[in-house]
Amino acid sequence: MHIGVFVCHCGSNISGTVDCPQTAKAAGEFPDVVYSTDEMYTCSEPGQESIIRAIKEHNLDGVVVASCSPRMHEATFRRTVERAGLNPYMFEMANIREHVSWVGRDKALNTRKAIDLIGMAVAKLRNGTPLFSERFNVTRKLMVIGGGVAGIQAALDAADSGIEVVLVERETTIGGKMAKLDKTFPTIDCSSCVLGPKMVEVAQHPKITLYAASEVDNVSGYVGNFTVQVRKRAVYVDWDACTGCGLCTEKCPSRKTPDPFNELIATTTAINIPFPQAIPKKATINPDYCLQLTKGKCGVCAKVCPVGCIDFEQQDKIEEVQVGAIVVATGYDLFDYSVYKQYGAGKLPDVITSLQYERLLNASGPTGGHVLRPSDGAEPKHVVFIQCVGSRDKSKGRAYCSSFCCMYTAKQAILTKSHLPDSQSYVFYMDIRSPGKGYDEFTRRTQELYGAQYIRGRVSSIHQHGSSLVVRGADTLAGMQVEIKADLVVLAVGIEPSRNSQKLAATLHISADTDGFFMEGHPKLKPVETNTAGVFLAGCCQGPRDIPTSVSMGSAAAAKAMVLFSNEQLESDPQVATVNATRCVGCYKCVKTCPFGAILESEDRWKNPKAEVLPTICKGCGICSVTCPHGAIQLNHFTDNQLLAEVNAICPLPTI
Amino acid sequence: MNVLETMKKCIREALPDLDMVMGWEQGFDTLHATPLFMETAEDVDRLILGPTCVQSLAVHLPSLKGKKIGVVVKGCDSRAVVQLLSENLLNRENLVIFGFGCDGVVSLSRLKKKLGALDFIESAEKKDDRLCIEINGEQQDLPFDDICAPKCLTCSRPNAIISDHFAGPQRTPRIPAKGKTALEKFEEKSLPERFDFWKAQMQRCVRCYACRDSCPMCVCRDHCVAVSRNPHFVSQEATASENFMFQLIHVMHLAGRCVSCGECERACPMDIPLGLLRAKSTEVTSALFNQEAGLDQEAVLPLLSFNIEEETIEEHD
Ligand SMILES: Cc1cc2nc3c(=O)[nH]c(=O)nc-3n(C[C@H](O)[C@H](O)[C@H](O)COP(=O)(O)OP(=O)(O)OC[C@H]3O[C@@H](n4cnc5c(N)ncnc54)[C@H](O)[C@@H]3O)c2cc1C
Ligand code: SF4
Ligand code: SF4
Ligand code: SF4
Ligand code: SF4
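Okay, here's the thing in structure tokens:
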């Protein structure tokens, strides 16, 4: 072979702590290396050109670039060598930035390590083979999981560009949290006035199919060709026939049914439409509270329904949908604050969550938009807001900031003043975080114009005292203890990934960070991608963010899907497992360990059992090749021989 | 009827429906048994059962997949059958298992250490807990525990744990001896001492592959990585490091699958204590996955399945 080695300075990122010229010189001594040099920025236009020139001049048939992480530029350099006529897989990268220059300070040692890593890359390349991709067709259909504002935006943008969209929503209506909010910061415009039209558009868009009260059970396939099993939960109403007239909900005698749309501060009927603007506007029976379904007698709704669409026998239905890409927009849930004993552990009726307060402020909420406290229905005079409940608190396993609570607390303080002009609000805070257009002005207005009193410090206890609550805490700026008699306490409860997110991550083969939010492909450069091709993220499922950012992410994810769908065909990644049929003994151990179900129990012409890899499904994880005892299944580009050559390059055989 | 006659009767009755039944017959003297492949009723007459029936016949089963086979198993052999079944390497429908309660088997290498060369054996017979043996014209009467296979001293499953026919009485398991196991004693040594020990042992290995070929769980046969060039894990040089690499490959491939039958160690002509390496890997895998190989045909094998989170491994803090 004729191998060329290019050692990158990366400005001073690498050359600051690695002697690049010396490294390049040493690399020239490795077997088969006929050319080696160092470059200021190998990834730059001139850097790439010099690789192409060297390939031509020195007749190279393999290239090693020693620079940054392959996650950064492997694709770049593969294209470079391809432009010069080489197979893109006759290229190896040695990571001497993240693995060397950024982690060690000793220049001599770093230089030695850089040389070692290049030695490994050269050894691997010498055992490499050219690889070729296959082309396959793309199903131009997008699935969006989660119909909050982020998912709605993604669905609408994609549908407007002409792509078929399937929107899967777990609840009986789309809208997510935003549908529950009263007004939104920083403009105090009515949430349902902004969101409502978008929801209607979803319902009317000819390119969008909506599956509400549905969840994704299983996903198989690969980018461009996913097969998704959607479970349509039994709602006991024939939605095709239901007109949403609501007669049934007026007559249903089971009136003590918990109302999750109103965050459980009110009750509703067993058959119910969550709110007037619900999309789809269809009735659903809660089977745990329906008298017919629990006790076998009632059936009032069935009698009053003018179109006869009640169906007590309805079962869950599984539907299979073929899509080419998936946007995940499953949003968030509130943290269970009952672990905070000092805030009454969820036992004090007049200590409520921020989202419950939104419902009290909302004209379509249970109090018709009059702020009346839950215990006795009285108008509160003194309202205390406590921020960072379950955010930035390591002791509760919540080290992160929920990002939008500072802002909505300020909003809620303003709204309190406009609903109850005689009221006084107090806000206990840790810091005010309001970096956004018009955001800091907004929190200032809350204090200066609306007279909310901001107290920097934590609350140590809340006690019931007669009909009011005594809130004790510290004012760390004044350096003293404070005690406030409050009529209502609102907790700005932190957020966590939507329930069952872990399961969904496993179903989609995407990863989650330590807090459970889905992992983006790259924190800076791939914020809406995941490491699974064809699966994108939008909104709070990736981390806490407010509405404007969730919406931007929805659009961005849709754009990524459009880019994908702009190709008639996609190229498969040839770095997949292949079975050497003459060596395979058909034990199917690999079939059992493959996490992606990519291996079939197959047979050869003589009916001998043999394993067979489906290259489009294989993700190249390599678990099968470590399972097969005799190496009959090898991962292309990471074969046992390549890895052994790398090991032997850094650990020459000891003589024992 | 004694155990042997009961067993013969069972086999004769089952034989017409089978291609073959595997058992043991006397070898060149009464101390050595050799595998017997019974195809006719007359073949069955030569069957023996007893302390010389050391080989695990399970080793032949995977290569006979597809045929209808009967096999006679001791307790320890039966675990290999269970393990092979759980790995789908055998078809249960094509297999008839003849079990019995084993009373322990002799270890020729321990016997050799006591008596020197074992060339002229007139007779060898187990009487209660002693082995009576006539060698070079001399009568020797040895406590059986001194010359049995080490695994028999702590055998917790002398009775075949899976069988279609069981001949004779059930034997009572041995209560594990108090005190340290061989592995625990070995691990009291320092790391350099242990490494030197293995270096010396591995220098003696002649790479005959008897350990591999006698292992009932080594099913790759002709495709073993020890002899393949692609992938090329080890060279054919019989240096200590290459030999060690081969042994560690065997241990890794047996991790979570080794049924502790001791066949590898028994077969080794160089008396290398291979069981120590296997015991270590069994200790690690059973601690990690809370599972022992070859006990449950339905078991989902920890290293032959994929879980995002292992129940017994703390991956996050
Ligand atoms: C009290 C409060 C007040 C707020 N006020 C403001 C404000 O004034 N201005 C502002 O900008 N932001 C505000 N926010 C933040 C705002 O709620 C979020 O930014 C926004 O809702 C995020 O939208 P999303 O689509 O990512 O998530 P969500 O709104 O949570 O939507 C997720 C959707 O996915 C569905 N879903 C979840 N899991 C599944 C599944 N497995 N399968 C199918 N569907 C699933 C859910 O049912 C839901 O419909 C406030 C938040 C709170 C708590
Ligand atoms: S593990 Fe190896 S031998 Fe067994 S089926 Fe898979 S490729 Fe074939
Ligand atoms: S590399 Fe092997 S185990 Fe991994 S996805 Fe591909 S076939 Fe499955
Ligand atoms: S490694 Fe040795 S003890 Fe383990 S199953 Fe194989 S032969 Fe038996
Ligand atoms: S049986 Fe003994 S000598 Fe033969 S290969 Fe195995 S360890 Fe080496």
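In the order they appear, the protein sequences are chains E and X.
Each residue of the first sequence is one higher than the one before, starting from 203 at the first, in my numbering.
Each residue of the second sequence is one higher than the one before, starting from 1167 at the first, in my numbering.
All residues carry an ideal CB built from backbone N, CA and C; glycine is no exception.
Note that this is a predicted model, so its numbers are computed, not measured.
beta-carbon residue i near ligand 2 non-hydrogen atom, thresh 8 angstroms
| i | result |
| --- | --- |
| Cys792 (chain E) | yes |
| His1161 (chain X) | As shown, chain X starts at 1167 and ends at 1483. That puts residue 1161 (chain X) outside it, with no answer to give. |
| Val781 (chain E) | yes |
| His711 (chain E) | no |
| Lys809 (chain E) | no |
| Cys1147 (chain X) | Look at the range of chain X in this structure, 1167 to 1483, and you will see that residue 1147 (chain X) is not part of it. |
| Ile801 (chain E) | yes |
Range of the contiguous alpha helix (DSSP H) that encloses residue i
| i | result |
| --- | --- |
| Ser754 (chain E) | Ile749 to Phe767 |
| Ser827 (chain E) | Ile825 to Thr829 |
| Cys590 (chain E) | First-last for Cys590 (chain E): His584 to Val591, but that is the beta strand (DSSP E), not the alpha helix (DSSP H). |
| Gly788 (chain E) | Note, Gly788 (chain E): premise wrong, no alpha helix (DSSP H); not H, not E. |
| Leu1281 (chain X) | Leu1274 to Leu1281 |
| Cys1298 (chain X) | No alpha helix (DSSP H) contains Cys1298 (chain X), which is instead part of the beta strand (DSSP E) from Arg1296 to Ile1301. |
Bridge-paired residues (DSSP) for residue i
| i | result |
| --- | --- |
| Gly206 (chain E) | E:Tyr237 and E:Val265 |
| Cys1371 (chain X) | The partner list for Cys1371 (chain X) (beta bridge, DSSP) is empty, contrary to what the question assumes. |
| Ile1214 (chain X) | X:Trp1190 |
| Gly1265 (chain X) | X:Val1239 and X:Phe1332 |
| Gly423 (chain E) | E:Phe428 |
| Leu802 (chain E) | E:Glu814 |
| Thr470 (chain E) | E:Thr459 |
| Cys392 (chain E) | E:Lys385 |
| Phe293 (chain E) | E:Val265 |
| His260 (chain E) | For His260 (chain E), which the question treats as bridged, DSSP gives no partner whatsoever. |
| Val523 (chain E) | E:Val430 |
| Lys1233 (chain X) | X:Lys1231 |
| Thr1200 (chain X) | X:Glu1191 |
Residue interval of the beta strand (DSSP E) (run including residue i)
| i | result |
| --- | --- |
| Phe1410 (chain X) | Counting along the chain, Phe1410 (chain X) falls outside any beta strand (DSSP E), though it belongs to the alpha helix (DSSP H) covering Ala1406 to Leu1420. |
| Ser662 (chain E) | Val661 to His667 |
| Tyr641 (chain E) | Premise fails: Tyr641 (chain E) lies in the alpha helix (DSSP H), Tyr641 to Glu650, not in any beta strand (DSSP E). |
| Glu848 (chain E) | Careful: Glu848 (chain E) lies outside any beta strand (DSSP E), inside the alpha helix (DSSP H) at Asp842 to Ile852. |
Contact test: residue i Cβ vs ligand 1 heavy atom, cutoff 8 angstroms
| i | result |
| --- | --- |
| Asn1257 (chain X) | no |
| Val418 (chain E) | yes |
| Ser246 (chain E) | no |
| Thr282 (chain E) | no |
| Phe1363 (chain X) | no |
| Met401 (chain E) | no |
| Met380 (chain E) | yes |
| Ala352 (chain E) | yes |
Nearest to residue i (by Cα), restricted to the options the options
| i | options | result |
| --- | --- | --- |
| Leu1440 (chain X) | X:Ile1415, X:Ile1301 and X:Pro1228 | X:Ile1415 |
| Cys778 (chain E) | E:Tyr790, E:Ala800 and E:Glu770 | Before going further, note that residue 778 (chain E) is Val rather than Cys in the sequence given. Nearest of E:Tyr790, E:Ala800 and E:Glu770 to Val778 (chain E), Cα basis: E:Ala800. |
| Pro489 (chain E) | E:His584, E:Gly592 and E:Thr471 | E:Thr471 |
| Ala176 (chain E) | E:Ala847, E:Leu855, E:Lys453 and E:Pro854 | Outside the modelled stretch of chain E, which goes from 203 to 858, sits residue 176 (chain E), for which no answer is possible. |
| Arg1323 (chain X) | X:Leu1215, X:Glu1431 and X:Val1425 | X:Val1425 |
| Ala1315 (chain X) | X:Ala1453, X:Lys1292 and X:Arg1276 | X:Arg1276 |
| Ile1328 (chain X) | X:Asp1388, X:Gly1232, X:Glu1464 and X:Leu1170 | X:Glu1464 |
| Lys1351 (chain X) | X:Lys1446, X:Glu1431 and X:Cys1268 | X:Lys1446 |
| Thr611 (chain E) | E:Leu369, E:Asn289, E:Leu557 and E:Val815 | E:Leu557 |
| Gly1460 (chain X) | X:Thr1478, X:Met1436, X:Phe1472 and X:Met1383 | X:Met1383 |
| Ala1290 (chain X) | X:Ala1283, X:Gln1305 and X:Lys1280 | X:Gln1305 |
| Ser269 (chain E) | E:Thr313, E:Val661 and E:Cys743 | E:Thr313 |
| Ala1326 (chain X) | X:Asp1437, X:Cys1242 and X:Ala1343 | X:Cys1242 |
| Glu371 (chain E) | E:Pro408, E:Phe387 and E:Val351 | E:Val351 |
| Gly681 (chain E) | E:Pro699, E:Leu693 and E:Arg660 | E:Arg660 |
beta-carbon residue i near ligand 7 non-hydrogen atom, thresh 8 angstroms
| i | result |
| --- | --- |
| Asp1330 (chain X) | Looking for ligand 7 in the displayed structure turns up nothing; the ligands present are ligand 1, ligand 2, ligand 3, ligand 4 and ligand 5. |
### Message
I want to know whether the region 723 to 735 of chain E touches the region 646 to 659 of chain E - three or more CB-CB distances under 8 angstroms.
### Response
no
### Message
Using a Cβ distance threshold of 8 angstroms, determine whether the region 685 to 696 of chain E contacts the region 664 to 674 of chain E, with at least three qualifying pairs required.
### Response
yes
#### Entry: the region 618 to 629 of chain E contacting the region 554 to 573 of chain E, beta-carbon criterion three pairs below 8 angstroms
yes
### Task
Determine contact between the region 822 to 834 of chain E and the region 790 to 807 of chain E, defined as no fewer than three beta-carbon pairs at a distance below 8 angstroms.
yes
#### Entry: Inter-stretch contact at 8 angstroms, needing at least 3 Cβ pairs: the region 522 to 534 of chain E / the region 421 to 428 of chain E
yes
### Query
Should the region 348 to 366 of chain E be called in touch with the region 529 to 538 of chain E, which here means at least 3 C-beta pairs below 8 angstroms?
yes
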